[in-house]
Every structure is written in C-alpha cells, then in structure tokens.
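J.:
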Amino acid sequence: MKAAIGDRLIVESAHDHEPRRVGVITQLRHDDGSPPYVVHWMDSEHETLVYPGPDAHVVSKQEREAALPPM
Numbered sequence: 001m002k003a004a005i006g007d008r009l010i011v012e013s014a015h016d017h018e019p020r021r022v023g024v025i026t027q028l029r030h031d032d033g034s035p036p037y038v039v040h041w042m043d044s045e046h047e048t049l050v051y052p053g054p055d056a057h058v059v060s061k062q063e064r065e066a067a068l069p070p071m
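Each residue of the sequence shown is one higher than the one before, counting from 1 in the UniProt record's numbering.
Set out below in structure tokens:
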C-alpha cells in the first residue's frame, strides 16, 4: 500500500450495522508512501497513527477527481 498526503484512507466495516471509516492522510512516516500514516478521521476529527490492515484501502486525489461527473 502506498499513499500521498491528501489521499483518503478508507477502512471498511466488519459489520453491516457499522459505517466504514474515512480519513485524510495528513503525514507520511516514510518517503516512499508506505505505512504507517497519520490520519485525520472525518467522523471524529481525531488524528491517529495508523498501520492499515487488510480491510483498508487508499483512494488518491486523482481517483476521486476522475470519479466526479464533468461540469
């Protein structure tokens, strides 16, 4: 897994009744973009150091922009 500052980290829920978590990567600990990441969680406004597990994936700024409909 590789990321850049500003990418989204999405952690899928293991249970149907719990929402997935979405955060913004605010700091990298390694120049190559590998974990861990400092993440600002959108649901709680907290920042934590995260070692993403198999239930997590990164969505880059370019991927988010490509998913938007043209104006």
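Quick reminder that beta carbons are idealized off the backbone N, C-alpha and C, glycines included.
1. By alpha-carbon positions, which one of 13, 25, 65, 63 ends up nearest to residue 41?
2. Please go through the same chain and pick out, in chain order, the residues whose beta-carbon is closer than 8 Å to the beta-carbon of residue 1, but skip the five residues on each side of it.
3. Taking just the CA atoms, how far does residue 15 sit from residue 47?
4. Closest to residue 22 by CA distance: which of 32, 30, 50 is it?
5. Can you tell me whether DSSP reads residue 64 as helix, strand or coil?
T.: This is what the structure gives:
1. Ranked by Cα distance from residue 41, the options 13, 25, 65, 63 are led by 25.
2. Hits under 8 Å: 34, 35, 52, 56, 57, 58.
3. Their Cα atoms are separated by approximately 23 Å.
4. 50
5. helix
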